[in-house]
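Participant: Got a structure for you, questions after.
There are 2 protein chains.
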Amino acid sequence: MSKNILKLSNQVCFPLYAATRQITKLYRPMLEKLEVTYPQYLVLLVLFEDVSVTVKELGERLYLDSGTLTPMLKRMEEHGLVERKRSSKDERVVEVSLTEKGRSIEKKAEEIPNRFSKEIHLEQDEFDELKRLLTKILDQV
Amino acid sequence: MSKNILKLSNQVCFPLYAATRQITKLYRPMLEKLEVTYPQYLVLLVLFEDVSVTVKELGERLYLDSGTLTPMLKRMEEHGLVERKRSSKDERVVEVSLTEKGRSIEKKAEEIPNRFSKEIHLEQDEFDELKRLLTKILDQV
DNA sequence: AACAATTAAATTGTGTACAATTTAATTGTA
DNA sequence: TACAATTAAATTGTACACAATTTAATTGTT
Numbered sequence: 007m008s009k010n011i012l013k014l015s016n017q018v019c020f021p022l023y024a025a026t027r028q029i030t031k032l033y034r035p036m037l038e039k040l041e042v043t044y045p046q047y048l049v050l051l052v053l054f055e056d057v058s059v060t061v062k063e064l065g066e067r068l069y070l071d072s073g074t075l076t077p078m079l080k081r082m083e084e085h086g087l088v089e090r091k092r093s094s095k096d097e098r099v100v101e102v103s104l105t106e107k108g109r110s111i112e113k114k115a116e117e118i119p120n121r122f123s124k125e126i127h128l129e130q131d132e133f134d135e136l137k138r139l140l141t142k143i144l145d146q147v
Numbered sequence: 007m008s009k010n011i012l013k014l015s016n017q018v019c020f021p022l023y024a025a026t027r028q029i030t031k032l033y034r035p036m037l038e039k040l041e042v043t044y045p046q047y048l049v050l051l052v053l054f055e056d057v058s059v060t061v062k063e064l065g066e067r068l069y070l071d072s073g074t075l076t077p078m079l080k081r082m083e084e085h086g087l088v089e090r091k092r093s094s095k096d097e098r099v100v101e102v103s104l105t106e107k108g109r110s111i112e113k114k115a116e117e118i119p120n121r122f123s124k125e126i127h128l129e130q131d132e133f134d135e136l137k138r139l140l141t142k143i144l145d146q147v
């Protein structure tokens with residue numbers, strides 16, 4: 007009845023919320039070897055694709071705001087992974103790029119998605135469908 | 007090539023991570039009317055099902071530990087939503103239950119999942135499949 | 001040029017998350 | 001019964017996450 011609507015087991019959001027955190031935990035030991043957290047790893051992924059991005063661009067790509075990114079990027083800077091530089095063209099803008107050390111992690115970072123997909127026992131088409139559905143949600147909100 | 011493995015767009019974890027946060031944002035305005043956060047809402051859902059649960063049980067149901075739950079439950083207690091009581095049988099255990107005020111939210115809380123599913127434009131079978139895949143992941147990790 | 005409007009980051013404040021440790025109570029075993 | 005091992009919460013410390021505000025630079029308009 008109406009009560010069932012509220013059952014945890016009937017919600018989509020709850021398994022989404024829980025699975026995300028459990029998977030992040032799965033990533034943790036691998037990421038610890040690179041001395042980064044999962045959100046920091048995502049920043050690296052963006053910077054492996056593009057040599058330099060602004061904080062604003064990073065925020066748009068990762069769905070994060072400056073309140074999250076600014077302190078995180080400062081931590082990554084302290085760890086010697088990235089460089090933050092005010093744009094000379096527009097002093098409001100901060101350009102983020104990899105340091106030599108940050109760049110040197112790329113090889114090790116490549117191994118992670120593979121090892122991960124081995125720990126999650128989904129068929130390839132299940133992976134694809136999951137990604138499709140999540141991306142569809144992301145495009146709508 | 008090997009580089010593509012690291013592309014954000016090729017990862018499952020990233021849309022999972024991002025979609026979770028975007029959906030939580032969607033929930034926020036509705037939950038604000040009840041004066042609870044999303045994780046607090048989950049605690050309420052458990053307590054709508056079971057009159058009383060221990061912190062340990064809550065942690066198992068929501069995949070959270072006492073480091074997260076203890077301060078959260080204290081906040082909910084301060085807001086008059088729940089009651090925390092040491093078990094007399096076993097003084098180590100804390101039993102959590104709804105107050106009158108907490109119980110009174112149930113009707114309003116019931117409306118949320120419906121409104122939510124209208125904002126996310128997925129077919130019923132897509133919803134079901136998404137839930138199935140996420141639950142499968144949760145069961146494995 | 002002057003200045004209001006806009007924009008990009010940074011800051012502030014609150015609330016999760018979680019690893020690791022601590023505290024206190026209970027249980028198992030010599 | 002003593003007391004080591006285990007267990008449940010709480011605590012400590014670090015790192016997101018995000019709403020709301022602030023700061024500083026740039027742009028648009030008169």
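Note that the protein sequences, when read in sequence, are chains A and B.
For the first sequence, the residue numbers in the working numbering are 7 to 147.
For the second sequence, the residue numbers in the working numbering are 7 to 147.
Glycine included, C-beta positions come from ideal geometry on N, C-alpha and C.
Since this is a predicted model, take the numbers as computed values, not measurements.
What's the call for residue 46 (chain A), buried or exposed, on a 16-neighbour Cβ count within 10 Å?
Facilitator: Buried, since its Cβ has 16 or more Cβ neighbours within 10 Å.
Participant: Can we say the stretch 65–77 of chain A touches the stretch 133–141 of chain A, given the rule of at least three CB pairs closer than 8 Å?
Facilitator: Result no; under three Cβ-Cβ pairs closer than 8 Å.
Participant: If we ignore side chains and look at the alpha-carbon of each, how far apart do residue 84 (chain A) and residue 18 (chain B) end up?
Facilitator: Rounded to the nearest angstrom, the two C-alpha atoms are 29 Å apart.
Participant: Could you give the DSSP three-state label for residue 49 (chain A): helix, strand or coil?
Facilitator: Helix.
Participant: Using the three-state DSSP reduction, which class does residue 7 (chain B) fall into: helix, strand or coil?
Facilitator: Because the pLDDT at residue 7 (chain B) is just 43, under 50, the model does not fix this residue reliably, and the point stays unresolved.
Participant: Are any of the Cβ atoms in chain A nearer than 7 Å to that of residue 111 (chain B)?
Facilitator: It does not: the Cβ of residue 111 (chain B) has no partner Cβ on chain A nearer than 7 Å.
Participant: Which chain B residues sit within Cβ distance under 7 Å of residue 127 (chain A)?
Facilitator: Within chain B, the residues near residue 127 (chain A) are 146.
Participant: Quick one: is residue 75 (chain B) near chain A, going by C-beta distance under 7 Å?
Facilitator: No, its Cβ sits nowhere closer than 7 Å to a Cβ of chain A.
Participant: Under the assumption that residue 106 (chain A) contacts residue 91 (chain A) (Cβ atoms under 8 Å), give the Cβ distance between them as a whole number of angstroms.
Facilitator: No, residue 106 (chain A) and residue 91 (chain A) are not in contact; Cβ-Cβ is about 15 Å, not under 8 Å.
Participant: Exposed or buried, residue 119 (chain B), counting other C-beta atoms within 10 Å across all chains shown (16 or more means buried)?
Facilitator: It counts as buried.
Participant: Taking the straight line between their C-alpha atoms, what separation do you get for residue 44 (chain B) and residue 115 (chain A)?
Facilitator: Approximately 32 Å, taken between the alpha carbons.
Participant: For residue 21 (chain A), count neighbouring Cβ atoms within 10 angstroms of its own Cβ and tell me buried if that reaches 16, exposed if not.
Facilitator: Burial call: buried.
Participant: Which residue marks the beginning of the beta strand (DSSP E) containing residue 58 (chain B), and which one marks its end?
Facilitator: Residues 58–60.
Participant: Taking residue 68 (chain B) and residue 52 (chain B) to be in contact with their CB atoms under 8 Å, please state how far apart those CB atoms are, rounded to whole angstroms.
Facilitator: With 8 Å as the limit, residue 68 (chain B) and residue 52 (chain B) qualify as a contact, their Cβ atoms being about 7 Å apart.
Participant: Comparing alpha-carbon positions, which option in A:88, A:94 and A:110 lies nearest residue 103 (chain A)?
Facilitator: It is A:88 whose Cα lies nearest to the Cα of residue 103 (chain A).
Participant: Where DSSP assigns a beta bridge to residue 110 (chain A), which residues make up the other side?
Facilitator: None, per the DSSP bridge assignment.
Participant: Any Cβ of chain B within less than 7 Å of the Cβ of residue 105 (chain A)?
Facilitator: Output row for residue 105 (chain A): interface = no.
Participant: Report the neighbours of residue 63 (chain B) on chain A: residues whose CB is nearer than 9 Å to its CB, in chain order.
Facilitator: In chain order: nothing, as chain A lies at least about 12 Å away.
Participant: So, residue 143 (chain B) versus residue 143 (chain A), is the Cβ gap smaller than 7 Å?
Facilitator: Result no, Cβ atoms of residue 143 (chain B) and residue 143 (chain A) do not sit closer than 7 Å.
Participant: Give a yes or no on whether 7 Å exceeds the smallest Cβ distance from residue 53 (chain B) to chain A.
Facilitator: By this cut-off, residue 53 (chain B) is not an interface position.
Participant: Which class does residue 72 (chain A) belong to by DSSP, given the choice of helix, strand or coil?
Facilitator: Note: residue 72 (chain A) maps to helix in three-state DSSP.
Participant: Could you tell me the alpha carbon to alpha carbon distance between residue 26 (chain A) and residue 23 (chain B), rounded to whole angstroms?
Facilitator: Going by the C-alpha atoms only, they are around 6 Å apart.
Participant: Ends of the alpha helix (DSSP H) at residue 142 (chain B)?
Facilitator: Segment 130–146, the alpha helix (DSSP H) holding residue 142 (chain B).
Participant: Identify the residues that DSSP records as bridge partners of residue 91 (chain A): which are they?
Facilitator: For residue 91 (chain A), which the question treats as bridged, DSSP gives the partners A:101.
Participant: Where residue 109 (chain B) and residue 61 (chain B) are concerned, what is the direct C-alpha to C-alpha distance, given to the nearest angstrom?
Facilitator: If I take the Cα positions, the gap works out to 19 Å.
Participant: Are residue 147 (chain A) and residue 48 (chain B) close, meaning C-beta to C-beta below 7 Å?
Facilitator: Result no, Cβ atoms of residue 147 (chain A) and residue 48 (chain B) do not sit closer than 7 Å.
Participant: Who are the near neighbours of residue 8 (chain B) in its chain, counting only those whose CB is closer than 8 Å to its CB and skipping five residues on each side?
Facilitator: Legend: pLDDT at residue 8 (chain B) = 46, less than 50; position of this residue unreliable, no value from coordinates given.
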